[in-house]
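In terms of the numbering used here, the sequence shown opens at residue 146 and continues consecutively.
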Amino acid sequence: MQLRLLCGDIRTLPKETVSQIAGGIPILLSIEENTRHTTTLMLTYLFHECSSCRENRPDMQIRIYHDSRQAEVISHRCRLSEEHVQYWGKDLDTMLLCRWRMNRFLYKWTNYLRRQGHRFD
Numbered sequence: 146m147q148l149r150l151l152c153g154d155i156r157t158l159p160k161e162t163v164s165q166i167a168g169g170i171p172i173l174l175s176i177e178e179n180t181r182h183t184t185t186l187m188l189t190y191l192f193h194e195c196s197s198c199r200e201n202r203p204d205m206q207i208r209i210y211h212d213s214r215q216a217e218v219i220s221h222r223c224r225l226s227e228e229h230v231q232y233w234g235k236d237l238d239t240m241l242l243c244r245w246r247m248n249r250f251l252y253k254w255t256n257y258l259r260r261q262g263h264r265f266d
């Protein structure tokens, strides 16, 4: 629901779009895959303080399921390394806890972005 409020109809968005608010850090939303039933996108801040480094964090890959109106984080970049976290190779308890935490973070982050005034539609 938070992503829908932030983005409107995700299926109609361009391949890449940036949300910029006065005095805020721009947010990049890039659509990686768009099919009839799902959309996979990347959502990240665009930090420009360091032109030689790519410090876009959090860097979350999100899959949206249109029929059930749900979204889940399918990978994200760790804070201290360039390693992307994939959930599928972990033990069941660890995988579920990690996925729950990241999906909870997605909910809180999108709510925060909306309160700041970010919009992608």
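Quick reminder that beta carbons are idealized off the backbone N, C-alpha and C, glycines included.
Please read these numbers as outputs of a predicted model, since none were measured by experiment.
Q: Determine the DSSP secondary structure at T184, reduced to helix, strand or coil.
A: strand
Q) What three-state label does DSSP hand L158 in the structure shown? A) coil
(Q) Let me make sure I understand the geometry here. Which of T184, L186, L191 has the alpha-carbon closest to that of I166? (A) L191
**Q.** Residues that DSSP places opposite T189 in a beta bridge
**A.** L173, D204
Q | Q165, DSSP secondary structure in three states | A | coil
**Q.** 8 Å Cβ shell around S213 - same chain, five flanking residues per side excluded
**A.** none
(Q) Distance check for T184 and Y210, CA to CA, integer angstroms please. (A) 7 Å
**Q.** Alpha-carbon spacing of C152 relative to F250, whole angstroms
**A.** 17 Å
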